[in-house]
Amino acid sequence: MLNELEQLAGKIARVLRHADALAAENQRLRAEVERLQAEAEASKTERDAMVADRSVLNAKIEEAQLRIQSILDKLPTATDARQLDLLGQAAGADETAAAPHSET
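If you count the sequence shown from 1, position 33 lands on 150 in our numbering, and the numbers rise without skipping.
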């Protein structure tokens with residue numbers, strides 16, 4: 118009987134040690150979950166900030182595209198009478214300069 122009691126006491130001690138180890142592991146896992154939740158919240162905040170930045174940048178890009186289009190619309194077209202024919206004038210000047218002068 119004494120032997121059985123000693124065996125039971127040993128088993129109880131092992132169960133208690135195992136319970137303590139499980140409690141410590143449980144506490145460690147809870148701390149890890151809290152850390153991961155905080156990290157996820159920080160990542161969500163950063164993502165939201167990046168989405169806001171992206172929206173601002175998209176608005177700036179659209180505004181710049183409109184300004185560029187406005188500038189392009191103000192430029193003369195090829196059929197516009199206000200446009201200078203600089204290349205045509207240069208080609209004509211080259212032809213007259215390249216033509217041999219007959220002085221003899």
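Positions of the beta carbon are idealized from the N, C-alpha and C atoms, including for glycine.
DSSP places Thr194 outside both helix and strand once states are collapsed to three, so it counts as coil. For the pair Ile185 and Leu192, the Cα-to-Cα distance works out to about 11 Å.
C-alpha of Ile129 to C-alpha of Leu122: approximately 10 Å in a straight line.
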